[in-house]
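**Q** Attaching a single structure in structure tokens format; questions to follow.
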Amino acid sequence: MTSSDRTIVITGGTSGLGYECARNLALDPRNTVVITGRDATRTRELAATIGAHGMALDLSSRPSVGGFVAELVAADLPPLAGLVCNAGVQFTGRTLTSDGMEATFATNHLGHLGLVIDLLAHFTAPARIIVVSSGTHDPDQFTGMPHPLRATARELAYPPPPTESAQRDARRRYTTSKLANLQTAYHLARELAPHDITVNAFDPGLMPGTGLARNASAVQRLGWKTIARALVVLPGVRTPRGSGADLAWLVAAPDREGITGQYLVRRTPVRSSAASYDERVQHALYGDSLELLAELDARADR
Ligand SMILES: NC(=O)c1ccc[n+]([C@@H]2O[C@H](COP(=O)([O-])OP(=O)(O)OC[C@H]3O[C@@H](n4cnc5c(N)ncnc54)[C@H](OP(=O)(O)O)[C@@H]3O)[C@@H](O)[C@H]2O)c1
Numbered sequence: 001m002t003s004s005d006r007t008i009v010i011t012g013g014t015s016g017l018g019y020e021c022a023r024n025l026a027l028d029p030r031n032t033v034v035i036t037g038r039d040a041t042r043t044r045e046l047a048a049t050i051g052a053h054g055m056a057l058d059l060s061s062r063p064s065v066g067g068f069v070a071e072l073v074a075a076d077l078p079p080l081a082g083l084v085c086n087a088g089v090q091f092t093g094r095t096l097t098s099d100g101m102e103a104t105f106a107t108n109h110l111g112h113l114g115l116v117i118d119l120l121a122h123f124t125a126p127a128r129i130i131v132v133s134s135g136t137h138d139p140d141q142f143t144g145m146p147h148p149l150r151a152t153a154r155e156l157a158y159p160p161p162p163t164e165s166a167q168r169d170a171r172r173r174y175t176t177s178k179l180a181n182l183q184t185a186y187h188l189a190r191e192l193a194p195h196d197i198t199v200n201a202f203d204p205g206l207m208p209g210t211g212l213a214r215n216a217s218a219v220q221r222l223g224w225k226t227i228a229r230a231l232v233v234l235p236g237v238r239t240p241r242g243s244g245a246d247l248a249w250l251v252a253a254p255d256r257e258g259i260t261g262q263y264l265v266r267r268t269p270v271r272s273s274a275a276s277y278d279e280r281v282q283h284a285l286y287g288d289s290l291e292l293l294a295e296l297d298a299r300a301d302r
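Residue 1 is where the sequence shown starts when you use the working numbering, and the numbers rise one by one after that.
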């Protein structure tokens with residue numbers, strides 16, 4: 001054991017929001033911070049620069065999730081008290097994992113749900129899980145993004161070929177995954193309340209300049225990095241540093257103890273989309289997602 005009180009894991013801590021959240025948390029000596037990234041060496045080196053631990057994790061791969069959990073447990077760090085499900089991808093065309101699953105759903109939703117389930121036995125209560133969603137999940141917010149699909153988890157995991165442009169389909173897969181993040185957060189909040197594990201969701205706002213546009217064209221990436229940064233004066237547009245501080249507060253602040261099932265913008269609870277509150281749909285998504293995870297695990301064991 002080290003001298004710090006608790007361990008907090010942030011998925012996707014190598015850039016953007018996750019990095020800023022981790023950097024902020026690591027300033028407090030009571031926190032042992034673990035960040036993850038797909039490249040083990042790069043993640044370890046980057047983590048060392050902010051006083052964190054770095055471990056490899058690819059959420060689109062069940063064996064990688066298992067490897068990460070084993071590495072975390074073997075590291076014998078202080079009690080696990082926080083998990084920030086932050087990592088996220090947005091593609092510009094149909095992209096599949098090595099298992100043949102649609103990669104946005106597999107990474108943003110299913111990978112995180114599998115990670116939460118694999119870590120459950122390792123949390124020390126009271127513990128907190130924060131799920132990073134996005135205002136783009138909500139059709140009433142006019143974000144310019146396509147509305148989320150209404151489909152079963154299996155249909156989202158193994159979709160038919162796109163019926164609209166590949167780019168628009170990929171963007172719709174993103175907003176759908178962010179709705180799934182919220183639906184899962186609300187479901188887990190109810191399931192885990194008896195275990196003194198709280199689950200809340202967070203919208204970081206539009207943060208131009210992060211790596212989220214890494215799969216876009218060169219022109220689109222240039223726009224994301226330069227012109228879009230000028231938009232920071234507009235309401236709803238944030239910097240990774242500002243939203244990272246809010247996210248760190250959400251997972252660590254004493255005054256958030258015991259509060260569960262909320263969706264926050266900055267530090268304020270807000271309503272998410274009407275669709276996100278349908279408990280029957282939340283339950284079905286959760287059950288079907290567990291089945292998909294079991295199938296992936298069975299395939300990996302063969
Ligand atoms: N940027 C925005 O405007 C915005 C708005 C609303 C919500 N969000 C949400 O905020 C979160 C963070 O986004 P960001 O803008 O900070 O993006 P980012 O800079 O691209 O960071 C994404 C992180 O996810 C990791 N990652 C990518 N693919 C992964 C995979 N298959 N398995 C595990 N980790 C993976 C990346 O690490 P490696 O590449 O090192 O693996 C990176 O650290 C996401 O959930 C996103 O949906 C962003």
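All C-beta atoms in this analysis are idealised placements derived from N, C-alpha and C, irrespective of residue type, glycine included.
What are the partner residues of Asn31, as DSSP defines its beta bridges?
**A** Answer is Arg6, bridged to Asn31.
**Q** Rounded to whole angstroms, what is the Cα-Cα separation between Pro240 and Asp301?
**A** 39 Å
**Q** Taking the alpha-carbon positions, what's the Pro63 to Leu212 distance?
**A** 24 Å
**Q** With hydrogens ignored, establish whether the beta-carbon of Lys178 is closer than 7 Å to any heavy atom of ligand 3.
**A** Within the structure as shown, ligand 3 is missing, the only ligands being ligand 1.
**Q** On the criterion of 16 or more Cβ atoms from any shown chain inside 10 Å, does Thr136 qualify as buried, or is it exposed?
**A** Thr136 is buried by the Cβ-count criterion.
**Q** What is the rounded straight-line gap between the Cα of Ala106 and the Cα of Leu59?
**A** 7 Å
**Q** Rounded to whole angstroms, what is the Cα-Cα separation between Met1 and Ala40?
**A** In this prediction, Met1 scores a pLDDT of 39, lower than 50, which makes its location untrustworthy; no coordinate-derived value is stated.
**Q** Does the segment 144 to 155 come close enough to the segment 68 to 84 to have 3 or more Cβ pairs within less than 8 Å?
**A** no
**Q** So, helix, strand or coil for Tyr174, using DSSP?
**A** helix
**Q** Consider the C-beta atom of Val89 and the heavy atoms of ligand 1; say whether any pair is separated by less than 7 Å.
**A** yes
**Q** Can you find the residues in the same chain that come closer than 6 Å, C-beta to C-beta, to Leu156, ignoring five residues on each side of it along the sequence?
**A** Phe105
**Q** Just verifying my parser: in three-state terms, what is the DSSP assignment at Arg150?
**A** coil
**Q** Leaving out five residues before and five after Pro126 in sequence, what residues of the same chain have Cβ atoms less than 6 Å from its Cβ?
**A** In its chain, beyond the 5 residues on either side, Asp196 have a beta carbon closer than 6 Å to the beta carbon of Pro126.
**Q** Is it the case that the CB of Leu212 approaches a heavy atom of ligand 1 more closely than 7 Å?
**A** yes
**Q** In this structure, how does DSSP classify Val89 when only helix, strand and coil are distinguished?
**A** Val89 sits in coil when the DSSP states are folded into three classes, being neither helix nor strand.
**Q** Exposed or buried, which one is Lys178 when buried takes at least 16 other CB atoms within 10 Å?
**A** buried
**Q** Return the CA-CA distance between Arg238 and Pro159, expressed in angstroms with no decimal places.
**A** 33 Å
**Q** Is the beta carbon of Thr176 less than 8 Å from the beta carbon of Ala189?
**A** no
**Q** Is Phe68 helix, strand or coil by DSSP?
**A** Helix, per DSSP.
**Q** Mind reading off the beta-carbon distance from Asn200 to Gln262? Whole number of angstroms is fine, and I expect it under 8 Å.
**A** 5 Å
**Q** Just the C-alpha distance for Gly67 and Arg38, rounded to the nearest angstrom, thanks.
**A** 12 Å
**Q** On the criterion of 16 or more Cβ atoms from any shown chain inside 10 Å, does Asp76 qualify as buried, or is it exposed?
**A** With fewer than 16 other Cβ atoms within 10 Å, it is exposed.
**Q** At which residues does the alpha helix (DSSP H) containing Ile117 begin and terminate?
**A** 112 to 119
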